[in-house]
Amino acid sequence: MDNSIQLLVDNFVNQIVATVEAAAVRRVQAAVSVALGAGSAVALKRGPGRPAKASYVASPAVTAPAKRRPKQLCPVPGCTGVAAPVFGMVCSEHKKVSKALIKKYRAQRRASK
């Protein structure tokens with residue numbers, strides 16, 4: 094009787110050890126394939142939701158951030174306001190100025206350059 098219980102416990106422990114080892118091997122294989130960039134979509138099984146951020150190994154080389162474009166100024170002579178698309182690329186003070194006059198101001202500015 095004592096021998097049969099020991100045999101059952103040994104079999105159960107061996108099954109648990111084999112299952113844990115197999116899971117560890119799968120996780121290591123998936124991590125290595127992601128690190129090397131081979132089959133990352135196939136190797137990892139994902140659930141619903143937002144994907145995790147890429148690891149530092151699989152990420153592309155870090156580049157310098159892009160420079161911001163300089164602010165476009167209002168084309169009216171003597172005005173230092175910032176132009177905005179909502180006002181037709183003039184400042185808020187000159188949004189009522191006619192488009193023909195704005196076009197004339199831009200032509201003058203281009204000619205002076």
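For my numbering, count along the sequence shown from 1 and bump the result up by 93. Glycine included, C-beta positions come from ideal geometry on N, C-alpha and C.
Residues that DSSP places opposite residue i in a beta bridge
{"i": "L166", "result": "V175"}
Collapsed DSSP secondary structure at residue i in the structure displayed
{"i": "A204", "result": "helix"}
{"i": "V106", "result": "helix"}
{"i": "A134", "result": "Note that A134 scores 49 on pLDDT, short of 50, meaning its location in the model is unreliable and no value can be drawn from it."}
{"i": "V118", "result": "helix"}
{"i": "V183", "result": "strand"}
{"i": "T156", "result": "coil"}
{"i": "Q99", "result": "helix"}
{"i": "Y198", "result": "helix"}
{"i": "K192", "result": "helix"}
{"i": "A151", "result": "Its pLDDT being 48, under 50, A151 is placed unreliably by the model, and the measurement read from it follows with that caveat. Coil, per DSSP."}
Cutoff 8 Å: residue i Cβ touching any chain C Cβ
{"i": "A128", "result": "Protein chain content of the structure displayed is limited to a single chain, and chain C is not contained in it."}
CB of residue i within 8 Å of CB of residue j, strictly
{"i": "V175", "j": "K164", "result": "yes"}
{"i": "Y198", "j": "P158", "result": "no"}
Of the listed residues the options, nearest to residue i (C-alpha basis)
{"i": "V190", "options": "R202, R203, P168", "result": "P168"}
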